[in-house]
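There are 2 protein chains.
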Amino acid sequence: MTMGWHMMLQFTPALVGCYIWDGNHSFEMIRRSKECVINVPTTDLTEEVVRIGNSSGAEIDKFKTFGLTAVRARRVRAPLIKECYANFECRLADERLILKYGLFIWKVVKAHVATSPKYPETLHYRGEGVFMISGRSLNLRKQFKPGNL
Amino acid sequence: MTMGWHMMLQFTPALVGCYIWDGNHSFEMIRRSKECVINVPTTDLTEEVVRIGNSSGAEIDKFKTFGLTAVRARRVRAPLIKECYANFECRLADERLILKYGLFIWKVVKAHVATSPKYPETLHYRGEGVFMISGRSLNLRKQFKPGNL
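Going down the list, the protein sequences come from chains A and B.
If you use this note's numbering, the first sequence closes out at 150, no skipped numbers anywhere.
If you use this note's numbering, the second sequence closes out at 150, no skipped numbers anywhere.
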């Protein structure tokens, strides 16, 4: 499934919060397995991101239909998507807000990230069918207190 | 305070999740008042964003020091920052994950948004003192199912 609402929550261990609509085919599979892989696509996968978000795994095999490669994960049973820039293997850390808000809190148990480019071109959903493509980076490190880095 | 980790959680009513570190001067004020205003800055405020994030309200008056204008909110006691592109007046919707994860769940009770530009240049924190500046927009609305818009 395509997922647009998510946030970092903590560094050590890394925790990530994700919203998953309970109408999604993936919702019950993820809730019951208590595992998932979060795959980060780049703009070369824009077409796939949109098509995956507008079809259902109850009707088609999305890996096959969209030409994606499933790779075995190291620490969870869900597969990685090989074509993605980064993949985060996750186990459920907190389920208290799932039924009320669709909010899953995940602990990242294994991360895979491409070594280049350093700043890939990523997609960020604005809503209403519009995406923002990541722009330039601005390094202001020198203006930070060391404890804030 | 400057805040970098946040997400949408729901549209009606609009719910937003935010991470606030419990070492922040703002943490207890926000937790006790159960109210806040989330102000969205654009890149013309980059310098202020960094300086506000690297100083403490326990030591300085940030509105005065950084030349920002406090405007009275309509439905909460915290002020808006006039210079920001958008301001969301919020009341606490769920406090269950505050102590464990620093995660506040807010209900937006009043929104103020500039009418132009449609897509302002915003800042997105990458960590390590580096920001990503929002890039171009890509409208793929025609490829969406109506129910997903």
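Backbone N, C-alpha and C define an ideal beta-carbon position, used for all residues, glycine too.
{"query": "Whole-Å CB distance - Met133(B) paired with Gly136(A), under 8 Å assumed", "result": "6 Å"}
{"query": "Interface residues of chain A facing Ser138(B) [CB-CB closer than 8 Å]", "result": "Arg127, Val131, Phe132, Met133, Ile134"}
{"query": "Classification of Val38(A) by the beta-carbon crowding that lies within 10 angstroms, buried from 16 upward", "result": "buried"}
{"query": "Among Arg97(B), Arg127(B), Asn140(B), nearest to Lys119(B) - alpha-carbon criterion", "result": "Asn140(B)"}
{"query": "Chain-ordered chain B contacts of Phe145(A) [CB-CB under 9 Å]", "result": "Val51, Gly54, Asn55, Glu129, Gly130"}
{"query": "Three-state secondary structure (DSSP) of Tyr102(B)", "result": "helix"}
{"query": "Distance, Lys143(A) Cα to Glu29(A) Cα", "result": "46 Å"}
{"query": "Assigned exposure category for Ala59(B) - 16 Cβ within 10 Å defines buried", "result": "exposed"}
{"query": "Run of the alpha helix (DSSP H) containing Phe64(A), from where it starts to where it stops", "result": "63–66"}
{"query": "Cutoff 6 Å; reference Pro14(B); Cβ partners in own chain excluding five residues on either side", "result": "Lys108"}
{"query": "Any C-beta of chain D under 8 Å from that of Asn88(B)", "result": "Protein chains A and B are contained in the structure displayed, whereas chain D is not."}
{"query": "Close beta carbons around Leu104(B), own chain, < 7 Å, minus the five adjacent residues each side", "result": "Gly18, Tyr20, Leu98"}
{"query": "Minimum Cβ-Cβ distance from Leu141(B) to chain A less than 8 Å", "result": "yes"}
{"query": "Limits of the unbroken beta strand (DSSP E) element including Phe12(B)", "result": "It is not in any beta strand (DSSP E) - Phe12(B) carries neither H nor E in the DSSP assignment."}
{"query": "DSSP state of Met30(A) mapped onto helix, strand, coil", "result": "helix"}
{"query": "Exposure label - Ala112(A); buried when at least 16 CB within 10 Å", "result": "exposed"}
{"query": "Alpha carbon of Glu36(A) to alpha carbon of Ile106(A), nearest angstrom", "result": "11 Å"}
{"query": "Status (buried if at least 16 other CB within 10 Å, exposed otherwise) for Ala115(A)", "result": "exposed"}
{"query": "Within chain B, partners of His26(A) - CB distance below 8 Å", "result": "Correct list: empty, because the minimum Cβ distance to chain B is about 14 Å."}
{"query": "Contact check, Val110(A) vs Arg92(A), beta carbons under 8 Å", "result": "yes"}
{"query": "Straight-line gap, Ser27(A) to Gly54(B) (C-alpha atoms, nearest Å)", "result": "38 Å"}
{"query": "Thr66(B) beta carbon less than 8 Å from that of Lys83(B)", "result": "no"}
{"query": "Contacting residues, own chain, Cβ-Cβ under 6 Å from Phe89(B) (five flanking each side not counted)", "result": "Ile39, Val109, Ala112"}
{"query": "Chain B residues whose Cβ lies nearer than 9 Å to that of His7(A)", "result": "Met8"}
{"query": "Segment limits, beta strand (DSSP E) that includes Ile152(B)", "result": "Given a span of 2 to 150 for chain B in the structure shown, any question on residue 152(B) remains unanswerable."}
{"query": "Chain-ordered residues of the region 31–42 of chain A with a beta carbon less than 9 Å from chain B", "result": "none"}
{"query": "Cβ distance (whole Å) where Met8(B) is taken to contact His125(A) below 8 Å", "result": "Not a contact, Cβ separation roughly 12 Å."}
{"query": "Test: Arg73(B) CB closer than 8 Å to a CB of chain A", "result": "no"}
{"query": "Nearest residue (CA-CA) to Ile61(A), options Lys101(A), Thr123(A), Met2(A), Asp45(A)", "result": "Met2(A)"}
{"query": "Chain B contact residues for Leu150(A), given Cβ-Cβ distances below 7 Å", "result": "Glu129, Gly130"}
{"query": "Bridge-paired residues (DSSP) for Thr43(B)", "result": "Thr123(B)"}
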